[in-house]
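Engineer:
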Amino acid sequence: MDVSIHPTAVIEDGAKIGPGVRIGPLCTVGPEVELGEGCHLMSHVALAGRTTIGPRTRIFPFASIGHIPQDLKYKGEASTLEIGADCMIREGVTMNPGTEGGGLRTVIGDRCAFLANSHVGHDTKVGNDCILSNNVMLAGHVTVGDFVIFGGGSAVIQFARVGSHAFVGGMSGLENDLIPYGMAMGNRAHLAGLNIIGLRRRGFTREQIHDIRRAYRLLFADEGTLAERVEDVAGEFDDHPFVHEILDFIREGKDRAICTPRDPVSSSG
């Protein structure tokens, strides 16, 4: 597979360009960048730093990928940005590498879509098959599971966790952890139920969704403490892996606050 590089592009010595890569007009590729097979830089793309981009990822004009973190504590340490395969990175997207305070790595999974002007901060981890709509902002040290969707203009605070299959509504400001399968809305965001539409689209059965719903009602009822309700649900759903994914997420957060409903949920509704 032949490599195609426009004569106005600047490819610095040391850059690794995989087979079938296409690099359009006025792109710049730094000396420590690695482009996987079949990547396509449309035009005016700026790649820098110790950045690795997986096969067949497409990057659109004016994206700034791999430049130094927007962290005043950063002192030039050898950090990395790793982007998976088959991603789509649209116009004006920014992604920063890690810092010493966060493990020196920013990691993006496979098949993710980053729409125009979205941002991924330093040391953030994004899973597979995620969608960041236009103008979404992920601060530093955020952790995002698989199949998460962020509506346009939403923002996530530093160190927050967003569980797999969750949905963050447009213009929402998320300042607490969002459970797997949860849906957050508003500024500041509250837990507004489960991402039922997403679960149906991804092939969850009616029985599985019913069990997740029932566990959700019990977890966010107004009886007892959250820690007590977590153990009660664990006992009742002993063999349900999707429910235990939620329970494990809550336990792993330790003292971090989680996003909760505005009003208590009826455990029998």
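Okay, so the sequence shown: first residue is 11 according to the numbering used here, each after it adds one.
Just so it is clear, CB atoms sit at the ideal spot from N, CA and C, and this is done for glycine as well.
Given the structure is predicted, the values throughout are model-derived calculations rather than measurements.
Determine the burial state of S14: buried for a count of at least 16 other Cβ atoms within 10 Å of its Cβ, exposed for fewer.
Structural biologist: Exposed is the call here.
Engineer: Is the beta carbon of N106 less than 7 Å from the beta carbon of G86?
Structural biologist: Not in contact: N106 and G86 (Cβ atoms no closer than 7 Å).
Engineer: Tell me whether K264 is buried or exposed, calling it buried when 16 or more other Cβ atoms sit within 10 Å of its Cβ.
Structural biologist: Its Cβ having fewer than 16 others within 10 Å, K264 is exposed.
Engineer: For a quick check, are the C-beta atoms of A88 and G64 less than 7 Å apart?
Structural biologist: Not a contact, by the Cβ cut-off of 7 Å.
Engineer: Determine the extent of the alpha helix (DSSP H) in which R216 is found, giving its start and end residues.
Structural biologist: First-last of the alpha helix (DSSP H) with R216: R216 to L229.
Engineer: I207: buried (16+ other C-beta within 10 angstroms of its C-beta) or exposed?
Structural biologist: I207 is exposed by the Cβ-count criterion.
Engineer: Tell whether a beta-carbon distance below 7 Å holds between I118 and I93.
Structural biologist: Yes, the Cβ-Cβ distance between I118 and I93 is below 7 Å.
Engineer: Quick one: residues in its chain with C-beta nearer than 6 Å to the C-beta of L114, no 5 flanking neighbours on either side, listed in chain order?
Structural biologist: Excluding residues within five positions, the ones whose Cβ falls inside 6 Å are S89 and G108.
Engineer: Touch check for the region 155 to 175 and the region 207 to 221: three-plus C-beta pairs under 8 Å?
Structural biologist: Taking 8 Å as the limit for Cβ pairs, the verdict is that the region 207 to 221 does touch the region 155 to 175.
Engineer: Per DSSP, which one or two residues make a beta bridge with E44?
Structural biologist: The partner list for E44 (beta bridge, DSSP) reads K26 and T62.
Engineer: Based on Cα-Cα distance, which residue from G111, E101 and G59 lies nearest to K83?
Structural biologist: Comparing Cα positions, the closest option is G111.
Engineer: Specify, as a first and last residue, the run of the beta strand (DSSP E) that R115 falls within.
Structural biologist: First-last of the beta strand (DSSP E) with R115: R115 to I118.
Engineer: Could you name the residues of the same chain whose beta carbon sits closer than 6 Å to that of H54, not counting the 5 residues immediately before and after it, in chain order?
Structural biologist: L36, P71 and F72.
Engineer: Taking the alpha-carbon of Q218 as reference, which of M193, H250 and A244 has the nearest alpha-carbon?
Structural biologist: Of M193, H250 and A244, the residue nearest in Cα terms is H250.
Engineer: Look at the alpha carbon of R223 and the alpha carbon of E238, and state the distance between them as a whole number of angstroms.
Structural biologist: R223 and E238: Cα-Cα distance of roughly 18 Å.
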